[in-house]
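Below is one structure; the comments refer to it alone.
Dropping the structure here:
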């Protein structure tokens, strides 16, 4: 478990301009919830009372910082606008059973199994065991291991997932 700063949130799928110090990007697709009230040590059975909606998104990580251990991993997750999480939330009943697909330059690169929102209850219980969660926090659960997405030599890449996500990743 780790945290990302608020400045990492890209809520409107604005294009992501990669800083000069970054040679490439890795990514992970996520399921996320937005917390509607604060809590600590939340039991799994009570977790649904603490969030008001869910959706899918993508987290970007800067390379080559990932290879330099835990501090590098933390630093790679802190870049502005690198958490591609929509402001639009779906009711948990609506998201249950949905799948999430992501395309890179129009070609599929990920498709999840049908969503089981109850996995977020365990994730919220685990996160709140060690820290206070607050209203407005977003809790993300990675749906797949980190993978390389693109490098500076690729130039501009388009990442899309229907109406949920459509942006360019631009290496300037």
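Residue numbers (my numbering): 2 to 173.
Virtual Cβ for every residue (Gly too), placed ideally from N, Cα, C.
message: Is it buried or exposed, residue 2, if we count other Cβ atoms within 10 angstroms and call 16 or more buried?
response: Numbered from its first residue, the chain shown carries residue 2 at position 1. Exposed is the call here.
field: Start and end residues, alpha helix (DSSP H) containing residue 130
entry: Residue mapping note: residue 130 aligns to position 129 of the chain shown, counting from 1. Residue 130 -> alpha helix (DSSP H) spans 120 to 131.
- request: Could you name the residues of the same chain whose beta carbon sits closer than 7 angstroms to that of residue 148, not counting the 5 residues immediately before and after it, in chain order?
  value: Within the chain shown, numbered from 1, the residue matching residue 148 stands at position 147. Around residue 148: 27, 28.
message: Quick check: the Cα distance between residue 73 and residue 67, rounded to an integer number of angstroms?
response: On the chain shown, residue 73 is found 72 positions in, with the first residue counted as 1. On the chain shown, residue 67 is found 66 positions in, with the first residue counted as 1. Taking the straight line from one Cα to the other gives about 5 angstroms.
Per DSSP, the bridge partner or partners of residue 152: For the purposes of this step, residue 152 is identified with residue 151 of the chain shown, where counting begins at 1. Bridge pairing for residue 152: 25 [DSSP].
- request: Using the Cα positions of residue 137 and residue 6, report the straight-line distance between them to the nearest angstrom.
  value: Position 136 of the chain shown holds residue 137. Position 5 of the chain shown holds residue 6. Going from the Cα of residue 137 to the Cα of residue 6 covers about 13 angstroms.
query: Does the beta-carbon distance from residue 63 to residue 30 come in below 9 angstroms?
result: By one-based count along the chain shown, residue 63 stands at place 62. By one-based count along the chain shown, residue 30 stands at place 29. It is not a contact, given that the beta carbons lie outside the stated cut-off.
message: Quick check on residue 156: buried or exposed, where buried means 16 or more other Cβ atoms within 10 Å of its Cβ?
response: The residue you call residue 156 lines up with position 155 of the chain shown. Result: exposed.
message: Buried or exposed for residue 116, going by 16 or more other Cβ atoms inside 10 Å?
response: If you number the chain shown from 1, residue 116 lands on position 115. Buried, because 16 or more other Cβ atoms sit within 10 Å of the Cβ of residue 116.
- prompt: From residue 34 to residue 13, what does the alpha carbon distance come to, in whole angstroms?
  reply: Residue mapping note: residue 34 aligns to position 33 of the chain shown, counting from 1. Residue mapping note: residue 13 aligns to position 12 of the chain shown, counting from 1. Roughly 17 angstroms between the two C-alpha positions.
message: List, from N- to C-terminal side, the alpha helix (DSSP H) runs of 4 residues or more that fit wholly inside the segment 77 to 105.
response: Scanning the segment 77 to 105 for uninterrupted alpha helix (DSSP H) segments of 4 residues or longer gives 93 to 96, listed from N- to C-terminal end.
message: For the beta strand (DSSP E) containing residue 138, name the first residue and the last one.
response: The residue given as residue 138 occupies position 137 in the chain shown. Note, residue 138: premise wrong, no beta strand (DSSP E); not H, not E.
task: Kindly indicate which three-state DSSP category residue 52 falls into: helix, strand or coil?
output: The residue labelled residue 52 in the question sits at position 51 within the chain shown. In this structure, residue 52 counts as strand in the three-state DSSP scheme.
- request: Return the CA-CA distance between residue 76 and residue 121, expressed in angstroms with no decimal places.
  value: For this step, residue 76 is matched to residue 75 along the chain shown. For this step, residue 121 is matched to residue 120 along the chain shown. Their Cα atoms are separated by approximately 25 angstroms.
- prompt: Are residue 9 and residue 80 close, meaning C-beta to C-beta below 9 angstroms?
  reply: Against the chain shown, residue 9 aligns to sequence position 8. Against the chain shown, residue 80 aligns to sequence position 79. In contact: residue 9 and residue 80 (Cβ atoms closer than 9 angstroms).
message: Which residues does DSSP list as the beta-bridge partners of residue 63?
response: The residue labelled residue 63 in the question sits at position 62 within the chain shown. Answer is 26.
message: Taking 9 angstroms as the threshold (C-beta atoms), are residue 32 and residue 1 in contact?
response: Missing from the structure shown is residue 1; the chain here goes from 2 to 173 and no further.
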